[in-house]
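K.L.:
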Amino acid sequence: MSDTTILVVGTYDTKDDELNYIADVIRAQGGGVATMDISVLGDPTGPCDYSKHNVAEAGGSSIQAAIDSGGENTAMQIMAQGSAALALKLYREGVFDGLIVLGGTMGTDAALDLCQALPIGVPKYVVSTVSFSPLIPPERLPADVQMILWAGGLYGLNSICKASLSQAAGAVLGAARAVEKPDFQKPLIGMTSFGKTVLRYMVSLKPALEERGFEVAVFHATGMGGRAFESLAGEGAFAAVLDFAPQELGNHIMGSTISAGPDRMTNAGASATPQMVSIGCYDLVDFIGWQDIPPKLAGQEVHAHNRLLSSVMMTPDQRREMAQAMCTQLAGAKGPVNLILPLEGGNEWDRPGGPLHDAEGLAAFVEEIRAHCPDNVTLIELESHINDAAFSDRVLAEFDAWVASGVVTP
Numbered sequence: 001m002s003d004t005t006i007l008v009v010g011t012y013d014t015k016d017d018e019l020n021y022i023a024d025v026i027r028a029q030g031g032g033v034a035t036m037d038i039s040v041l042g043d044p045t046g047p048c049d050y051s052k053h054n055v056a057e058a059g060g061s062s063i064q065a066a067i068d069s070g071g072e073n074t075a076m077q078i079m080a081q082g083s084a085a086l087a088l089k090l091y092r093e094g095v096f097d098g099l100i101v102l103g104g105t106m107g108t109d110a111a112l113d114l115c116q117a118l119p120i121g122v123p124k125y126v127v128s129t130v131s132f133s134p135l136i137p138p139e140r141l142p143a144d145v146q147m148i149l150w151a152g153g154l155y156g157l158n159s160i161c162k163a164s165l166s167q168a169a170g171a172v173l174g175a176a177r178a179v180e181k182p183d184f185q186k187p188l189i190g191m192t193s194f195g196k197t198v199l200r201y202m203v204s205l206k207p208a209l210e211e212r213g214f215e216v217a218v219f220h221a222t223g224m225g226g227r228a229f230e231s232l233a234g235e236g237a238f239a240a241v242l243d244f245a246p247q248e249l250g251n252h253i254m255g256s257t258i259s260a261g262p263d264r265m266t267n268a269g270a271s272a273t274p275q276m277v278s279i280g281c282y283d284l285v286d287f288i289g290w291q292d293i294p295p296k297l298a299g300q301e302v303h304a305h306n307r308l309l310s311s312v313m314m315t316p317d318q319r320r321e322m323a324q325a326m327c328t329q330l331a332g333a334k335g336p337v338n339l340i341l342p343l344e345g346g347n348e349w350d351r352p353g354g355p356l357h358d359a360e361g362l363a364a365f366v367e368e369i370r371a372h373c374p375d376n377v378t379l380i381e382l383e384s385h386i387n388d389a390a391f392s393d394r395v396l397a398e399f400d401a402w403v404a405s406g407v408v409t410p
C-alpha cells in the first residue's frame with residue numbers, strides 16, 4: 001500500500017495506452033493509482049476504478065443521455081460535470097492525494113472543470129496538447145493548476161511524448177508527497193495588493209494582524225492571484241478579507257484579458273465573510289505588454305511596468321464606470337462591508353506631482369462612489385492617501401472593532 005494515491009483521469013477509450021503509461025510511472029515510483037474514465041462512446045481495455053457510468057451518474061445524468069445529447073460538446077460537458085462532482089466527493093473521502101488529467105482539447109475542457117472543483121492545495125496536473133494556449137481563457141484556469149504540453153502524443157506512445165507524460169507523473173506524485181496543505185488552524189485574513197512600489201499598506205498591516213493572532217495571505221491582483229483569492233473567499237476560508245486592490249474588476253469591465261473573472265469582488269460577500277474594501281490602483285487598467293492596447297483604451301496614457309505588463313490610465317468617465325461596478329459587486333454581500341475611501345488617491349503614482357496624478361479623475365470616482373454606494377455598505381471617507389499611515393491605522397481600528405463586537409473571531 002502506498003501512502004500517496006494519484007487519481008488518473010482521461011478518455012480511456014481513445015487514450016488507454018497513454019493513461020496506463022502514466023499509471024505505470026507512478027506505481028514504479030512507489031505511488032498508488034486510482035483511475036477514472038471520462039469517455040462516452042468506447043470502453044477501456046480493462047476496468048477503471050471509476051467507470052464512465054459512475055462519472056455520468058455523479059453529475060445527475062447517464063452515458064445514454066450523453067450519447068443522445070446530439071453533439072460531442074454537450075456530451076463532454078455532461079462528463080465534465082460528473083467528473084468534477086465525483087472527484088470532489090472522492091477527495092473528501094480521502095481516496096486520492098493528487099490528480100492528473102490527460103487530454104486534447106476535449107479532455108482539457110473537462111479537466112479545467114474537474115480541477116476547478118478541488119480545493120487549493122490539492123496537486124492538480126493537466127497534460128494537454130493545448131497547454132499554455134490562448135484557447136484557454138484565464139477565468140477557466142484553476143488558481144493552482146500545473147500544466148505541461150503533451151508534445152508529440154496526440155495518437156500513441158513514442159519517446160517524445162513519454163518525456164512529457166513521465167515528467168507529469170513524477171511531478172504530481174512528488175507534489176502530493178511534499179505539499180503542506182492549508183490547515184486553517186489559525187484564522188486567515190485574505191488581502192489583495194500589488195508590489196511595494198505602488199501599494200504599501202501590507203507592510204504595516206500584515207505584522208499588526210499577525211500580532212493579533214491571525215495569519216495573513218497577500219494575493220497579487222494580476223488575474224490568477226485574484227482567481228485564488230476569490231476561490232478561497234467562496235469556500236469561506238477567510239475570517240475576513242481586506243480587498244484593497246480591486247483593479248482586476250476594472251481590467252474585466254474594460255476588456256483586458258488580465259482578468260480574475262466576472263465574479264471578482266463577489267465571493268466573500270456570497271459566503272458572508274466580513275469585508276473591508278478600498279481603491280488600490282482602481283484608476284489603472286493592466287494589459288499584456290507585448291500585445292496591442294485594447295481598442296476601448298486606445299489613445300490613453302500608458303505606463304509600461306515591464307515587458308510583460310503595461311497599465312493604461314483611466315479617463316474620468318471610465319473611473320465613474322469602475323465606481324459603479326464596485327458598488328454593484330458589493331451590493332449583494334451577505335456579510336458586513338466597509339468601503340474605506342482615501343480621498344487623496346489610490347496608488348503611489350497618483351499623488352500630487354506624481355506621473356499619474358489626475359485630480360479630476362479622482363474627484364469623478366469619489367463622486368460616483370458616494371452616489372451609488374449600496375445601503376449594505378458602510379462608506380468611510382479618509383482625508384489621506386492609501387499609502388499613508390492614517391489609512392492603515394483606520395483599517396486596524398475598524399478591524400479591532402469587528403473583533404470586539406464578535407464580527408471577526410481570532
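According to my numbering, the sequence shown holds residues 1 to 410 in order.
From the three backbone atoms N, C-alpha and C, an ideal C-beta is built for every residue, glycine too.
#1: Would you tell me roughly how many angstroms separate the C-alpha atoms of threonine 411 and isoleucine 253, rounded to the nearest one?
#2: Got a sec? Which residues, its chain only, sit under 6 Å from serine 62 by beta carbon, not counting five neighbours each side?
#3: On a Cα-Cα basis, can you pick out the residue from Ala117, Arg140 and Leu102 that is closest to isoleucine 148?
#4: Is threonine 409 buried or exposed, if buried means 16 or more other CB atoms sit within 10 Å of its CB?
#5: Does the region 179 to 190 come close enough to the region 99 to 116 that 3 or more CB-CB pairs lie under 8 Å?
#6: Is it buried or exposed, phenylalanine 132, if we count other Cβ atoms within 10 angstroms and call 16 or more buried?
#7: Quick one: what's alanine 304 bridged to in DSSP?
#8: For isoleucine 160, which residues of its own chain have a beta-carbon under 6 Å away from its beta-carbon, when the five flanking residues on both sides are left out?
#9: Grouping DSSP H, G and I as helix and E and B as strand, with all else coil, what is serine 166?
#10: Write down the C-beta distance between threonine 4 and arginine 177 rounded to the nearest angstrom, noting that I regard them as a contact closer than 8 Å.
#11: Just to confirm the assignment, what range does the beta strand (DSSP E) spanning aspartate 286 have?
#12: Should the region 364 to 374 be called in touch with the region 332 to 342, which here means at least 3 C-beta pairs below 8 Å?
#13: Are there three or more Cβ pairs, one per stretch, closer than 8 Å when the region 259 to 273 is compared with the region 291 to 298?
#14: Going by C-alpha distance, which of Asn73, Ala168, Pro134 and Ser83 is nearest arginine 117?
#15: On the DSSP bridge assignment, give the partners of glutamate 215 in chain order.
#16: Applying the criterion that 16 or more other CB atoms from any shown protein chain within 10 Å of the CB defines a buried residue, is valine 241 buried or exposed?
#17: Am I right that glycine 226 and glutamate 248 are in contact with their C-beta atoms under 8 Å? What's the rounded C-beta distance?
#18: Which residue marks the beginning of the alpha helix (DSSP H) containing serine 231, and which one marks its end?
#19: Determine the DSSP secondary structure at threonine 74, reduced to helix, strand or coil.
#20: Using the Cβ count rule (16 or more neighbours within 10 Å means buried), how would you classify isoleucine 67?
#21: Go ahead and label glutamate 230 buried or exposed: buried means 16 or more other beta carbons lie within 10 angstroms of its beta carbon, across all protein chains shown.
P.N.:
Well, looking at it:
#1: As displayed, the chain neither begins before 1 nor continues past 410, which places residue 411 out of reach and without an answer.
#2: Locating residue 62 in the sequence shown gives position 62, counting from the first residue. The residues are Ala56.
#3: The sequence position of residue 148 within the sequence shown is 148, counting from 1. That would be Leu102, whose Cα lies nearest to the Cα of isoleucine 148.
#4: Position 409 of the sequence shown holds residue 409. Burial call: exposed.
#5: no
#6: On the sequence shown, residue 132 is found 132 positions in, with the first residue counted as 1. With fewer than 16 Cβ atoms within 10 Å of its Cβ, phenylalanine 132 is classed as exposed.
#7: As a working note, residue 304 is residue 304 in the sequence shown. Answer is Ser310.
#8: Start at 1 with the first residue of the sequence shown, and residue 160 comes out as number 160. Cβ neighbours of isoleucine 160 beyond the five flanking positions: Ala151 and Gly152.
#9: Here residue 166 corresponds to residue number 166 of the sequence shown, with the count starting at 1. It is helical.
#10: For the purposes of this step, residue 4 is taken as residue 4 along the sequence shown, with counting starting at 1. For the purposes of this step, residue 177 is taken as residue 177 along the sequence shown, with counting starting at 1. Contact flag correct, Cβ pair sits at about 5 Å.
#11: Residue numbering aside, residue 286 sits at position 286 when the sequence shown is read from its first letter. Note, aspartate 286: beta strand (DSSP E), 284 to 288.
#12: yes
#13: no
#14: Here residue 117 corresponds to residue number 117 of the sequence shown, with the count starting at 1. The amino acid at residue 117 is misidentified as arginine; the sequence shows alanine. Taking only the C-alpha atoms, the option nearest alanine 117 is Ser83.
#15: Against the sequence shown, residue 215 aligns to sequence position 215. DSSP, once it has assigned bridges, lists Leu188 as partnering glutamate 215.
#16: By 1-based counting over the sequence shown, the position of residue 241 is 241. Buried.
#17: Along the sequence shown, read from residue 1 onward, the residue named residue 226 stands at position 226. Along the sequence shown, read from residue 1 onward, the residue named residue 248 stands at position 248. About 4 Å separates the two Cβ atoms, so the contact holds.
#18: The residue labelled residue 231 in the question sits at position 231 within the sequence shown. First-last of the alpha helix (DSSP H) with serine 231: 224 to 234.
#19: Locating residue 74 in the sequence shown gives position 74, where the first residue counts as 1. If DSSP states are grouped into helix, strand and coil, threonine 74 belongs with the helices.
#20: Sequence index remark: in the sequence shown, residue 67 carries index 67 (1-based). It counts as exposed.
#21: Locating residue 230 in the sequence shown gives position 230, where the first residue counts as 1. Glutamate 230 should be labelled buried.
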